[in-house]
């Protein structure tokens, strides 16, 4: 069985919402070593949601 779902890309604003952090904190997180590389669509940066979720699951504890 093959998976025909389209990849889901997210913005910094969406990453901030996913993690419960501020926009500026999410931008800082995106610059950390090991954070997934962004994909560029024209001049817009987007991250693959599954890669971002895997990054936070493997390295960070949830914010309270």
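In this note's numbering, the protein residues as written are -7 to 56.
The beta-carbon is built from N, C-alpha and C at its ideal position, and this holds for glycine as well.
Quick caveat, the model's predicted, so the values are computed rather than measured.
CB contact check: residue i to chain C, cutoff 8 Å
i, result
"residue 44", "Structure shown: chain C not included; a single protein chain is present."
Residue i vs residue j beta-carbon contact at 8 Å
i, j, result
"residue 28", "residue 44", "yes"
"residue 31", "residue 40", "yes"
"residue 15", "residue 8", "yes"
DSSP beta-bridge partners of residue i
i, result
"residue 2", "39"
Burial state of residue i (16 or more Cβ within 10 Å)
i, result
"residue 18", "buried"
Supposed close pair residue i, residue j - CB separation, criterion 8 Å
i, j, result
"residue 38", "residue 2", "7 Å"
- In chain order, which continuous runs of the beta strand (DSSP E) of length 3 or greater are located wholly inside the segment 10 to 39? 31 to 33
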